[in-house]
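Read the structure below first, then the notes.
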Amino acid sequence: MIIRMDRKFVFKALVGSHNYNINVDEIKNTKTGERFPASDKDYKVFVLPTFEDLYKGNMYAKQIIGNKEDLDIHDIRKLPNLLYKANINFVEVLFSNEIIINDELGREQKLMLSKIFENKDELARMNLPYLYNACDGMFLNKMKLLKKGTDGTQHKQALHAYR
458 MIIRMDRKFV FKALVGSHNY NINVDEIKNT KTGERFPASD KDYKVFVLPT FEDLYKGNMY
518 AKQIIGNKED LDIHDIRKLP NLLYKANINF VEVLFSNEII INDELGREQK LMLSKIFENK
578 DELARMNLPY LYNACDGMFL NKMKLLKKGT DGTQHKQALH AYR
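According to this note's numbering, the residues represented by the sequence shown are 458 to 620, in order.
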């Protein structure tokens with residue numbers, strides 16, 4: 458998918474059910490006949506700031522919901538803090554099965570990104586108390602959602618809690 462905006466993308470990483478191999482094709486409830494759609498692909502996309510972002514101190518963020526892909530777009534300057542805080546929704550980017558790096562980046566930029574991905578285990582462990590709390594909180598949240606879920610979502614919430 459080409460991202461059409463006034464920002465240069467740095468990299469795009471697959472996250473969510475497709476990344477964990479828990480995505481589903483369309484589900485049909487055998488009792489009611491109700492159908493639930495197949496899992497779409499979710500990506501975290503990191504972009505470079507514009508001059509105006511730098512001047513005004515803005516941190517860009519945007520979500521684009523599509524039919525087959527959902528994009529969660531963030532300013533690349535957020536990444537160090539998100540990783541330090543052990544935000545598991547962003548730590549998972551380091552372990553993505555599909556990472557697309559912008560071919561137009563310079564050699565030094567690509568080298569820096571490769572160093573980040575090479576050191577993903579150390580980066581994920583750099584703040585273990587935060588990581589533990591984040592994982593525990595995510596587990597408890599998914600277990601709570603499991604009780605509220607429908608036939609089409611309960612199994613997915615259970616798999617996310619287990620993950």
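Positions of the beta carbon are idealized from the N, C-alpha and C atoms, including for glycine.
Item                                                                                        : Value
Top-ranked residue by Cα proximity to E549, from V504, Q520, D510, F574                     : F574
Which residues DSSP lists as bridging I530, in chain order                                  : V502, K519
Member of K613, R582, M583, N584 whose CA lies at the smallest distance from the CA of F596 : K613
K601 versus G594 - alpha carbon distance                                                    : 11 Å
Where A470 sits in the DSSP three-state scheme                                              : strand
M458 - DSSP class collapsed to helix/strand/coil                                            : Low per-residue confidence applies at M458: pLDDT is 47, beneath 50, and the placement is therefore not dependable enough to give any value.
Identity of the residues DSSP links to I556 by a beta bridge                                : A470
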